[in-house]
Amino acid sequence: MITLPTSVNYGVRILWALERHRRRNRRRIQPIPLAVIARELHLPQQYLAQIARKLTRAGMLESFEGIRGGYRLSGSLHRITLGDVVAALEPPRPLVRCLSRDDRRCPCAGSCEQTTWWRNVERQLAAVIGATPLTASL
Numbered sequence: 074m075i076t077l078p079t080s081v082n083y084g085v086r087i088l089w090a091l092e093r094h095r096r097r098n099r100r101r102i103q104p105i106p107l108a109v110i111a112r113e114l115h116l117p118q119q120y121l122a123q124i125a126r127k128l129t130r131a132g133m134l135e136s137f138e139g140i141r142g143g144y145r146l147s148g149s150l151h152r153i154t155l156g157d158v159v160a161a162l163e164p165p166r167p168l169v170r171c172l173s174r175d176d177r178r179c180p181c182a183g184s185c186e187q188t189t190w191w192r193n194v195e196r197q198l199a200a201v202i203g204a205t206p207l208t209a210s211l
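74 is the number of the first residue of the sequence shown in our numbering; add one for each residue after it.
This is the structure:
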């Protein structure tokens with residue numbers, strides 16, 4: 074089976090944690106310090122900080138500095154898909170190495186019968202990931 078990177082798993086967990094905080098307070102809440110999120114999720118704060126910065130750059134989180142600083146969702150979690158998280162946290166990669174434009178190792182490049190099939194599989198997976206909202210399980 075295909076395995077998503079740890080950064081994607083942790084990114085989803087950060088977003089869900091912030092959604093739980095928002096639901097608990099039923100209003101636009103104060104930013105949640107990353108140390109609180111790391112403690113709740115039992116995950117390393119430094120790694121979460123790297124992920125949170127990328128999610129902020131992608132527009133999914135808002136970041137606040139200072140004594141009352143932290144993170145909060147920039148909008149509704151309903152509008153964020155797993156595909157959005159993957160795109161924010163990971164560089165694009167082909168499903169199989171031979172689909173990479175940089176792969177010169179395959180002696181069948183250009184004449185392989187499987188290339189079209191693999192491209193279709195890759196497209197279908199991307200469509201499912203891109204259509205899966207993070208709120209599907211909340």
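Virtual Cβ for every residue (Gly too), placed ideally from N, Cα, C.
query = Where does GLY84 sit, in a helix, a strand or coil, going by DSSP?
reply = Mapped onto the sequence shown, residue 84 falls at position 11. In the structure shown, GLY84 falls within a helical segment according to DSSP collapsed to helix, strand and coil.
message = I'd like to confirm the pairing. Which residues does DSSP put opposite PRO206 in its beta bridges?
response = Translated into positions along the sequence shown, residue 206 becomes position 133. BP columns for PRO206 point to THR154.
query = GLU135: which of PRO104, ALA122, LEU150, ILE110 sits nearest, CA to CA?
reply = Here residue 135 corresponds to residue number 62 of the sequence shown, with the count starting at 1. When only C-alpha atoms are compared, the closest one is PRO104.
query = When burial is assigned at 16 or more other CB atoms within 10 Å of the CB, is TYR120 buried or exposed?
reply = To locate residue 120, count along the sequence shown from 1; it is residue 47. The residue is exposed, with fewer than 16 neighbouring Cβ atoms inside 10 Å.
ask   = What are the boundary residues of the beta strand (DSSP E) that LEU134 is part of?
value = Your numbering for residue 134 matches position 61 in the sequence shown. 134-137 is the extent of the beta strand (DSSP E) around LEU134.
ask   = Residues in its own chain within less than 6 Å of THR129 by CB, not counting five upstream and five downstream?
value = Taking the first residue of the sequence shown as 1, we reach residue 129 at position 56. Cβ neighbours of THR129 beyond the five flanking positions: SER136.
request  = Mind checking which residues open and close the beta strand (DSSP E) that includes ARG126?
outcome  = Translated into positions along the sequence shown, residue 126 becomes position 53. Per DSSP, ARG126 lies in no beta strand (DSSP E); the unbroken alpha helix (DSSP H) holding it starts and ends at 118-130.
ask   = Just the Cα atoms here: how many angstroms apart are ILE75 and GLY142?
value = If you number the sequence shown from 1, residue 75 lands on position 2. If you number the sequence shown from 1, residue 142 lands on position 69. The alpha-carbon separation between ILE75 and GLY142 amounts to approximately 37 Å.
Start-to-end residues for the alpha helix (DSSP H) that takes in ARG112 = Locating residue 112 in the sequence shown gives position 39, where the first residue counts as 1. For ARG112, the enclosing alpha helix (DSSP H) starts and ends at 107-114.
key: Through-space distance from PRO167 to ALA200, alpha-carbon basis   = Locating residue 200 in the sequence shown gives position 127, where the first residue counts as 1. Locating residue 167 in the sequence shown gives position 94, where the first residue counts as 1. The alpha-carbon atoms of ALA200 and PRO167 are separated by roughly 14 Å.
query = Below 8 Å, can you find three or more Cβ-Cβ pairs linking the stretch 109-119 to the stretch 147-159?
reply = In short, these stretches do not touch, since the Cβ pair count stays below three.
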